[in-house]
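Mapping of the sequence shown onto this note's numbering: residues 0 to 273, in sequence order. All remarks here apply to the structure that follows.
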Amino acid sequence: MNIAVMSPHTHKSGNTVIASLIAYELSTRNRTVCLTHGSNKSNSLYQYFNMNEKDNQTCNSTQLLDLIKEGGIRKNDIGNYCKSITDRFELFSLNSNEVSSDKFNSLITFINSNFPHDYIIYDIDDNDLESTINQAILKECDCIIYILTQNSTELSEFNENKKQILYWMEDIPSIVVVNKYCDIVSNIKQVAAGIGIKKVSKWYKLSYNPWITYGTANGKMKFLYENIQKREYHVVDIDSDVKALVNGILSIKHAKQVARYHTASKNKEEIVLE
0 MNIAVMSPHT
10 HKSGNTVIAS
20 LIAYELSTRN
30 RTVCLTHGSN
40 KSNSLYQYFN
50 MNEKDNQTCN
60 STQLLDLIKE
70 GGIRKNDIGN
80 YCKSITDRFE
90 LFSLNSNEVS
100 SDKFNSLITF
110 INSNFPHDYI
120 IYDIDDNDLE
130 STINQAILKE
140 CDCIIYILTQ
150 NSTELSEFNE
160 NKKQILYWME
170 DIPSIVVVNK
180 YCDIVSNIKQ
190 VAAGIGIKKV
200 SKWYKLSYNP
210 WITYGTANGK
220 MKFLYENIQK
230 REYHVVDIDS
240 DVKALVNGIL
250 SIKHAKQVAR
260 YHTASKNKEE
270 IVLE
């Protein structure tokens, strides 16, 4: 299953955090996960997981791209080019600014077709949904996780770009996550109303918690999730929110599996931002 996490109407809304937490949670459910991103390099991922960009480069980008071009890499070898986070959770990044768009697009196609993981999670860095690379990601995407916050300025930015965003999301099952959620500010229905959504379905939250900031600022994402797994009192709200979100993702996967056995049905998954 391919999952795209994005918020193309704005920057720094928490895509990487949520993509990472989803990857961790899915990996605890006896499934293999690869977290990657839609650009040559992601400074956030290296920072969040406390990886030195030089010492922990996941692969030699030129070598890998040459192997892909020549058909010289097998599925069993792919793990050699990934960074292991846990037994079932791997991170893949070229970590290079020297790769052309055409070559990177070929890499995305290879990931979509050949990576052996049960789940591939794309942290979409580039806000241009019309780009060739983002189109390649969305073409094979099974589920979009769309990130919003309760910030009124950000919601206005979404409204300004809503028509174009929904055009590129058309027919792809989607989930909305309200990041940094605080019920004192507003509730989920009020956030939805702010962007013209009357029917709230498949909307989730990730509550504001300073321990998330601690984890990202100090390269302690693994430490954060270890505490989430233990249901430590200071992160128990994160645990509940992430589990609910992942259950929503799995419900989409289940619906797709059921649909394969009912090909006569013409029903489509609901697009939740309309």
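Quick reminder that beta carbons are idealized off the backbone N, C-alpha and C, glycines included.
Applying the 10 Å Cβ sphere with the 16-neighbour rule, what's the burial state of residue i?
{"i": "Q189", "result": "exposed"}
{"i": "V175", "result": "buried"}
{"i": "N217", "result": "exposed"}
{"i": "C142", "result": "buried"}
{"i": "V257", "result": "exposed"}
{"i": "Y232", "result": "exposed"}
{"i": "N133", "result": "buried"}
{"i": "N226", "result": "buried"}
{"i": "S83", "result": "exposed"}
{"i": "A263", "result": "Legend: pLDDT at A263 = 49, less than 50; position of this residue unreliable, no value from coordinates given."}
{"i": "L165", "result": "exposed"}
{"i": "T215", "result": "buried"}
{"i": "Q149", "result": "buried"}
{"i": "A243", "result": "exposed"}
{"i": "E89", "result": "buried"}
{"i": "H36", "result": "buried"}
{"i": "E153", "result": "buried"}
{"i": "C181", "result": "exposed"}
{"i": "I183", "result": "exposed"}
Which class does residue i belong to by DSSP, given the choice of helix, strand or coil?
{"i": "I171", "result": "coil"}
{"i": "T85", "result": "coil"}
{"i": "M5", "result": "strand"}
{"i": "S19", "result": "helix"}
{"i": "D240", "result": "helix"}
{"i": "S206", "result": "strand"}
{"i": "N178", "result": "strand"}
{"i": "V190", "result": "helix"}
{"i": "I146", "result": "strand"}
{"i": "H253", "result": "helix"}
{"i": "V32", "result": "strand"}
{"i": "L66", "result": "helix"}
{"i": "I183", "result": "coil"}
{"i": "E156", "result": "helix"}
{"i": "Q56", "result": "Summary for Q56: the model assigns pLDDT 48, below 50, so the residue's position carries little reliability; its value from the coordinates is reported in the next sentence. Looking at Q56 - three-state DSSP - the assignment turns out to be coil, as it is neither helix nor strand."}
{"i": "L128", "result": "coil"}
{"i": "L272", "result": "coil"}
{"i": "I227", "result": "helix"}
{"i": "A263", "result": "Note that A263 scores a pLDDT of 49, beneath 50, so its modelled location is shaky; the value from the coordinates is reported in the next line. Coil, per DSSP."}
From this set, the options, which residue's C-alpha is nearest residue i's C-alpha?
{"i": "Y118", "options": "M0, D127, Q163", "result": "M0"}
{"i": "N29", "options": "R87, G70, I107", "result": "R87"}
{"i": "C81", "options": "R73, D65, F91", "result": "F91"}
{"i": "N113", "options": "K179, A3, C33", "result": "C33"}
{"i": "P172", "options": "I251, E89, I21", "result": "I251"}
{"i": "I196", "options": "L272, Y166, S130, T148", "result": "L272"}
{"i": "S239", "options": "Y207, G78, L93, E139", "result": "Y207"}
{"i": "E24", "options": "T35, I2, V241, N111", "result": "V241"}
{"i": "L64", "options": "M50, D101, H36", "result": "D101"}
{"i": "E69", "options": "Y47, L106, I237, E169", "result": "L106"}
{"i": "K221", "options": "Y45, W167, S185", "result": "Y45"}
{"i": "L147", "options": "A191, A3, V234", "result": "A191"}
Measure how close the beta-carbons of residue i and residue j come, nearest whole angstrom, since I'm counting them as under 8 Å.
{"i": "K40", "j": "S95", "result": "6 Å"}
{"i": "K179", "j": "G13", "result": "7 Å"}
{"i": "Y145", "j": "S6", "result": "7 Å"}
{"i": "S38", "j": "D125", "result": "6 Å"}
{"i": "S43", "j": "T15", "result": "4 Å"}
{"i": "K162", "j": "P115", "result": "Not quite, the Cβ-Cβ distance comes to about 38 Å (not below 8 Å), so this is no contact."}
{"i": "T131", "j": "N104", "result": "5 Å"}
{"i": "A254", "j": "C140", "result": "So it is not a contact: roughly 15 Å between Cβ atoms."}
Indicate, with yes or no, if the ligand SAH has a heavy atom lying under 7 Å from the CB of residue i.
{"i": "Y121", "result": "This structure does not include the ligand SAH; it has no bound ligands of any sort."}
- prompt: Is the segment 234-247 close to the segment 197-216, with three or more CB pairs under 8 Å?
  reply: With contact defined as three or more Cβ pairs closer than 8 Å, the segment 234-247 and the segment 197-216 are in contact.
task: Would you check if the segment 154-174 and the segment 104-122 touch, i.e. whether three or more CB-CB distances between them fall below 8 Å?
output: No, they do not touch.
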